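Presented below is the structure to which this report refers.
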Amino acid sequence: MAKVLVIEDDFTVADNVQALLKVKGYQVAFAADGQTGVELARKEQPDVVLLDILLPKLGGFDVCRILKSDPKTKPIKIIMLTGLGRMGDVETAFSAGANDYLIKPFENERLVKKIEKVLASPADGKK
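The opening residue of the sequence shown carries number 217 in the working numbering; numbering runs sequentially from there.
See the structure below:
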């Protein structure tokens, strides 16, 4: 099954997402800040990163740009998972290289469907 890295500083959200994904059969790794998230993504090579925007040490947009500019991590699919829903935030996420965007709070099944969708998309496809 696919490996998912959750980069989220809200431990309640992170715990809920990790529990959901484990029940669905995914391997799950977790980082509570952007810097650790980049390091883990390089080390673990997950299939998907669920990435918050407002993170300590290194923000989500920067994490996304770093991962997408590194040939080793560029193929990793990134879904921004955030409370920020303004159109400018969405556009910034996609221009940074995100494959999809989900606004918190979200329904569990919607998250699972987005993960399945990005996993099924071509490696260089945006959505």
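Even for Gly, the Cβ is constructed at its ideal location relative to N, Cα and C.
Because the structure is a prediction, the values reported are computed rather than measured.
Exposure of K329 is indicated by the presence of fewer than 16 other C-beta atoms within 10 angstroms of its C-beta. Per DSSP, the unbroken alpha helix (DSSP H) holding D278 starts and ends at G276 to S285. The DSSP assignment places complete alpha helix (DSSP H) segments of no fewer than 4 residues inside the stretch 230-273 at 250-260, in order along the chain.
Here V239 is exposed, its C-beta having fewer than 16 other C-beta atoms within 10 Å.
Straight through space, the alpha carbons of D263 and I292 are spaced by roughly 5 Å.
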